[in-house]
Amino acid sequence: MDQSACSALMHALSSFQPTDAVILPNLRHLRLEQVVPDLGLTLVLAPSIRHLELRHADTYFLENSMLVTHGKLPVLRSLHVTGSFADTLSFLHVSCWSQLRVFRSYGSSLDSETLNTLSQMESLQELHLDVTDDLTHHTEHGGFLHLRILSASGDPADVAQVLAWFQQSPHLHTLRLIDIELQPGETCPRLVEALSDLQHIEYFSLDSNCEGDPDFLDFPSFWRGLKTCRISVECYCGEHEPIVPLELLLQYARQCPYLEVLSLPPIDFQPILPPRAPAKTVTEVLSMSLRELNIVNMDYGEFWDWKKALPTFIERSFPTLDLERMARSADKRVKKPWPPHDEKWLRWATVVERVRALRDTQTAQG
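Residue 348 in our numbering sits at position 314 of the sequence shown, and the numbers go up by one each step.
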């Protein structure tokens with residue numbers, strides 16, 4: 035429905051309401067796209083709204099829509115705004131929402147004044163930023179004293195500069211990095227340094243793109259208190275899944291004693307598989323805390339002699355895995371998403387099934 039039709043409909047509905055009444059007085063969640071600030075917008079701004087999403091390609095209209103909502107939503111808890119990638123969003127009135135817990139900005143970059151305002155809001159617990167070069171010009175650090183969850187997307191060097199603002203956020207425990215473009219063989223040194231400077235991260239996720247096999251071996255040393263770690267990598271060319279060394283899994287198990295959930299890209303398990311290693315090489319328990327281990331399906335795994343050695347390695351190294359939970363969350367893809375679209379890869383769901391069978395056999399044998 036276009037703007038004129040939407041406004042006409044709301045005006046018609048308003049004729050059945052008392053003067054100055056909103057047409058949906060108990061509304062809690064409102065999402066508006068391409069809306070022009072007019073009387074039609076005010077008709078749906080119920081004071082009961084807790085969650086508001088505004089989307090507009092024109093930043094002028096987006097800012098004015100936000101201005102119209104100012105003062106009309108006294109208990110707003112969550113605000114998502116999506117604007118043009120080429121524009122900078124300015125909205126100092128965001129501070130009027132004293133109960134705002136979540137602010138997410140997509141597309142448009144925030145100006146320094148708006149960012150400073152957000153940094154001083156005591157209620158703010160979750161923040162998402164699409165990082166652009168303009169945002170990196172912000173030089174004031176500090177604030178965000180009550181922030182718990184931070185997510186950011188953009189160029190890794192720019193994201194690294196932004197992360198420096200949150201080094202003194204004492205309650206920050208969740209970090210999500212989205213659409214990070216990495217170079218093969220080396221993770222951006224500035225990003226590595228910025229991550230290592232953050233404290234007390236317990237939940238970390240990284241969604242990245244890379245033209246080759248990335249290097250994440252520094253990551254396990256960042257946060258000893260890490261509980262959940264999810265790393266995913268997509269390849270630009272789409273010819274194969276990027277692969278990471280077995281050492282990454284081993285380091286996470288050894289350096290993160292509280293780790294409960296670990297999701298990683300395809301792993302090169304060949305060092306613990308025949309003929310490179312005898313079947314009984316690995317007997318060490320690596321982690322007693324890990325409950326869920328997910329590995330993306332492995333492109334060349336069908337060529338490995340894995341059917342006995344790999345399940346044995348997983349069961350001996352991680353004896354407390356919740357296999358039922360893993361079976362539900364395992365990579366469900368059956369065919370490769372690139373030509374020849376065949377089924378010739380090592381599916382993690384099959385590995386989980388074999389680990390479960392091995393555990394059942396051991397239990398039956400007492």
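Heads up, the beta-carbon is just placed ideally off N, CA and C, and yes, glycines get one too.
Along the alpha helix (DSSP H) that carries residue i, what are the first and last residues, could you check?
i: T346; result: 343-351
i: L283; result: 280-289
i: S363; result: 357-363
i: V196; result: 190-197
Look up residue i in the DSSP assignment and say whether it is helix, strand or coil.
i: A311; result: coil
i: Y237; result: strand
i: S146; result: helix
i: Y94; result: helix
i: S297; result: strand
i: M332; result: strand
i: S321; result: coil
i: R393; result: helix
i: L113; result: strand
i: F303; result: coil
i: R258; result: coil
i: L134; result: coil
i: M35; result: Only weak support is given to the placement of M35: the predicted model assigns it a pLDDT of 48, under 50, and the question is left unresolved by the model.
i: S118; result: coil
i: S203; result: coil
i: S139; result: strand
i: L380; result: strand
i: L251; result: coil
i: F337; result: helix
i: V56; result: coil
i: T387; result: In the sequence under discussion, the amino acid at residue 387 is Glu, which differs from the Thr named in the question. Helix, per DSSP.
i: Q399; result: coil
i: T76; result: helix
i: S153; result: helix
i: T166; result: coil
i: S99; result: helix
Along the chain, where does the beta strand (DSSP E) that runs through residue i open and close?
i: T262; result: 262-269
i: S230; result: Per DSSP, S230 belongs to no beta strand (DSSP E); it is in the alpha helix (DSSP H), 223-231.
i: V128; result: No beta strand (DSSP E) contains V128, which DSSP labels as neither H nor E.
i: L88; result: 85-89
i: R65; result: 63-67
Suppose contacts are defined by Cβ-Cβ distances below 9 Å. Is residue i in contact with residue j by that definition?
i: S187; j: V165; result: yes
i: D192; j: D167; result: yes
i: L296; j: L251; result: no
i: H90; j: S99; result: yes
i: R135; j: H114; result: no
i: L101; j: H127; result: yes
i: E215; j: D249; result: no
i: E156; j: L179; result: yes
i: V278; j: P305; result: no
i: V78; j: L110; result: no
i: I320; j: L282; result: The question names Ile, yet the displayed sequence has Leu at residue 320. No, the Cβ-Cβ distance between L320 and L282 is not below 9 Å.
i: T122; j: Y140; result: no
i: S363; j: N328; result: yes
i: K261; j: Y292; result: yes
i: P353; j: M332; result: no
Based on the DSSP secondary-structure assignment, which residues constitute the bridge partners of residue i?
i: N243; result: E215, E268
i: Y292; result: According to DSSP, Y292 bridges with nothing at all.
i: I183; result: E160, T208
i: R367; result: DSSP output for R367 lists no bridge partner at all.
i: E326; result: V295
Check your understanding: Is there contact here, the region 340-348 with the region 380-392, by at least three beta-carbon pairs under 8 Å?
Key -> yes
Review point. When the Cβ atoms of the region 203-211 are set against those of the region 231-251, are three or more pairs found closer than 8 Å?
Key: yes
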